[in-house]
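Chains as they are written, first to last, in the numbering used here: chain A, 2 to 449; chain B, 129 to 435. For reference, the structure discussed in these notes is given below.
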């Protein structure tokens, strides 16, 4: 009897564990919406992933309950307009890991209907799991929304998502008080050439202030926000794409070498903080009024205004190299998108939602919560109540002429190596020439 | 000649032993199945994927040894292994210091209970916190440089984390400081298993502190020390991710990157080189297995020499 009970117990445990293990491994890989022709069902539930940081949910909103967030209310408005449709909002804590989570879920067959990702190569490398919506986008959206390049695959030409309504612009954010104290006036006479910029930095350093501060160790922010512009303006974006494809060489790209050389010079000349490769507090120092300029993007304007006062912060474009192909421009573009998974059963409904989210009406509501430069071309600074003299108004003007994020343009392997090794160039441990050769090696392997 | 009664008893014992064996096998079968599923399957899958160009999604074409050839020929393997070997310098440091502290605590010096707790405190701090702590301590304007400047050694107040030649020794120091507590606890446990009468007899024979330590304690601790070495080496190769992530991110460049950190870089930072990440995992596994086998062999030799 005892033997029978013990055998039975072991048998039950084995069955239980086997069932538990088989539950872990569903591997649906086929798309149920590949044709994109399934009709929207009356009762449908969609899942939407949104990044918790620097996307549709602002830091101020995170202090409120979830139902008070703009995105939650937008979802409610869509659901009210489409009875029977519910959208479940899932917040990804970290935009970076969202890509890996999306990838893992796609392989496991549990990908959401829609997901908020980063544009460019971050989205393109997931192309196999993302629906091509080129033929599904309403014509009005294609006409009135900018930034489609950021979500159009460089491999296949497929349009892989809607750019989010956040046209990030790169610039030098500066402290007006410090600049005035140094006898400069960036509002009337911003430094537009490298020589003028050098003179301005010298004047600032002479007064005992740090001209520029950045934390370029863990990620080369100064490099990606500004140095990449200097590269793109001298070489042209086509050349950069060609380098990545292995058709031309980074080592022969004079624009790259020139930009990197000047990037290094900003440190040796004392313009950039000497601990840029290891520091983590350059933003704090700027907000404390110890630093004159810092390379930044649109989304920090609100924080800067709170720290230093809206009247005390200004924005200027990066200076231009003499003879550059592109001038009076900067790096920018929509850095994020919302994609539709191939596994969705309701592609038309997803498109309807994304079109709704990017409608003029909704974007204006979004702008009341987070003032960003929108991707809609039919919304002006006046429409969102931005003062003409404010930094945000200037960003609206800058956004009309931007070079799309170069790090999003590079292939993923090249981008990874590029970002890893930039601190070595900045700190003088690697020459620009060796850096370029290193990138050529990576590009050659990727091209095989 | 066995009687019928003895034969029947023998038959019952045989049947009983078989039943025992069967029960034992059935008892460990569920755990074995789980271990195979959780450990053996992923290892086998990783080895398989290391021979493909798997991008983490659906692309997974067989490419033979291309990942391994790329990894060894790119110069990356040499650099990462060198960094791992430098970090391994923390192992003898932590064991020697741990041994000294354990021997002193065993002698019940005044306040030994408090010291035992104090030495273990670093172990309860998360490695991520520790990494950030050391990063800020050794920053350009951090406390270490401020002290150096204050005592007239300003020329040594460098940007410690900006170069591999300075960042790696700082990491060795951090790992040593973190691990001393664990070494002390394990060695004390080993020493507790030494019969007190052995020490008593040695004292009666006139053996002093040093004689007791080198002629009794150390030889009897060989197996404990072997365990400490093996576990510390394996942990150095496989357990430092969170420390490196918070302290240097493997940078600048690859100056402080290790083999296990590169697995993360290739798979999650690059985002598409999962096949290469699997190849690096296999290489790391083989290195750890080789080093462990060498350590066990040396330990057996030491045990024979001192036994």
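We put the CB at the ideal spot given by N, CA and C, even for glycine.
Residues sharing a beta bridge with residue i, DSSP
i, result
"residue 163 (chain A)", "A:339"
"residue 177 (chain A)", "DSSP lists no partner for residue 177 (chain A)."
"residue 354 (chain A)", "DSSP output for residue 354 (chain A) lists no bridge partner at all."
"residue 405 (chain A)", "A:333"
"residue 50 (chain A)", "A:91 and A:116"
"residue 171 (chain A)", "A:298"
"residue 384 (chain B)", "Answer by DSSP bridge pairing: none, since residue 384 (chain B) is not bridged."
Buried or exposed by the 16-neighbour rule on C-beta atoms within 10 Å, applied to residue i
i, result
"residue 111 (chain B)", "Look at the range of chain B in this structure, 129 to 435, and you will see that residue 111 (chain B) is not part of it."
"residue 66 (chain A)", "exposed"
"residue 124 (chain A)", "buried"
"residue 441 (chain A)", "buried"
"residue 162 (chain B)", "exposed"
"residue 156 (chain B)", "exposed"
"residue 417 (chain B)", "exposed"
"residue 24 (chain A)", "Here residue 24 (chain A) scores only 46 on pLDDT, less than 50, and its place in the model should not be relied on; the value that follows carries that caveat. Residue 24 (chain A) should be labelled exposed."
"residue 28 (chain A)", "Legend: pLDDT at residue 28 (chain A) = 36, less than 50; position of this residue unreliable, no value from coordinates given."
"residue 266 (chain A)", "exposed"
"residue 72 (chain B)", "This structure cannot settle anything about residue 72 (chain B), because the visible part of chain B is limited to 129 through 435."
"residue 163 (chain A)", "buried"
"residue 192 (chain A)", "buried"
"residue 374 (chain A)", "buried"
"residue 100 (chain A)", "buried"
"residue 169 (chain B)", "exposed"
"residue 241 (chain B)", "exposed"
"residue 241 (chain A)", "buried"
"residue 288 (chain B)", "buried"
Residue i at chain B interface by Cβ criterion, 7 Å
i, result
"residue 337 (chain A)", "no"
"residue 268 (chain A)", "no"
"residue 252 (chain A)", "no"
"residue 191 (chain A)", "no"
"residue 390 (chain A)", "no"
"residue 424 (chain A)", "yes"
"residue 262 (chain A)", "no"
"residue 364 (chain A)", "no"
"residue 295 (chain A)", "no"
"residue 278 (chain A)", "yes"
"residue 129 (chain A)", "yes"
"residue 104 (chain A)", "yes"
Below-7 Å beta-carbon distance, residue i vs any chain A residue
i, result
"residue 197 (chain B)", "no"
"residue 173 (chain B)", "no"
"residue 416 (chain B)", "no"
"residue 287 (chain B)", "yes"
"residue 374 (chain B)", "no"
"residue 400 (chain B)", "yes"
"residue 148 (chain B)", "no"
"residue 160 (chain B)", "no"
"residue 259 (chain B)", "no"
"residue 377 (chain B)", "yes"
"residue 380 (chain B)", "yes"
"residue 300 (chain B)", "no"
"residue 268 (chain B)", "yes"
"residue 396 (chain B)", "yes"
"residue 152 (chain B)", "no"
"residue 168 (chain B)", "no"
"residue 290 (chain B)", "yes"
Interface residues of chain E facing residue i [CB-CB closer than 7 Å]
i, result
"residue 107 (chain A)", "Absence of chain E from the displayed structure is noted, the protein chains being A and B."
Enumerate, from N- to C-terminal direction, the unbroken beta strand (DSSP E) stretches of 3 or more residues contained entirely within the stretch 76 to 140 of chain A.
86 to 93 and 115 to 119
State whether the stretch 339 to 346 of chain A contacts the stretch 125 to 132 of chain A, with contact taken as three or more CB pairs (one from each stretch) at a distance under 8 Å.
yes
Quick check for students: name the residue ranges of the beta strand (DSSP E) that lie wholly in the stretch 225 to 285 of chain A, counting only runs of 3 or more.
Runs of the beta strand (DSSP E) inside the stretch 225 to 285 of chain A: none found.
Could you tell me whether the stretch 262 to 281 of chain A touches the stretch 204 to 217 of chain A, using the rule of 3 or more Cβ pairs below 8 Å?
The stretch 262 to 281 of chain A is in contact with the stretch 204 to 217 of chain A.
Just to confirm the assignment: which complete alpha helix (DSSP H) runs, minimum length 4, are found wholly within the stretch 234 to 260 of chain B?
With a minimum length of 4 residues, the continuous alpha helix (DSSP H) runs that stay inside the stretch 234 to 260 of chain B are 240 to 252.
Are the stretch 310 to 322 of chain A and the stretch 169 to 189 of chain A in contact at 8 Å, needing three or more beta carbon pairs?
yes
Unbroken stretches of the alpha helix (DSSP H), 4 residues or longer, contained in the stretch 262 to 293 of chain B
List check, alpha helix (DSSP H) in window: 271 to 278.
Would you list, in sequence order, the uninterrupted alpha helix (DSSP H) runs of no fewer than 4 residues that lie entirely inside the stretch 320 to 375 of chain B?
324 to 332, 337 to 340, 350 to 366 and 369 to 375
Under 8 Å, with one C-beta from each stretch per pair, do the stretch 167 to 184 of chain B and the stretch 397 to 416 of chain B reach the 3-pair mark?
yes
Between the stretch 105 to 124 of chain A and the stretch 320 to 336 of chain A, are three or more C-beta pairs nearer than 8 Å?
yes
Where in the stretch 194 to 226 of chain A do unbroken runs of the beta strand (DSSP E), each at least 3 residues long, occur, reported from the N-terminal end onward?
Complete beta strand (DSSP E) runs here, min 3: 211 to 213.
Report yes or no: do the stretch 216 to 232 of chain A and the stretch 398 to 412 of chain A share at least 3 C-beta pairs separated by less than 8 Å?
Touching, yes.
Contact the stretch 379 to 391 of chain B vs the stretch 203 to 220 of chain B: 3+ CB pairs below 8 Å:
yes
I'd like to know if the stretch 341 to 357 of chain A and the stretch 107 to 118 of chain A are in contact, where contact means that at least 3 CB-CB pairs between them fall below 8 Å.
These segments touch.
Between the stretch 218 to 226 of chain B and the stretch 290 to 309 of chain B, do at least 3 Cβ pairs fall closer than 8 Å?
These segments touch.
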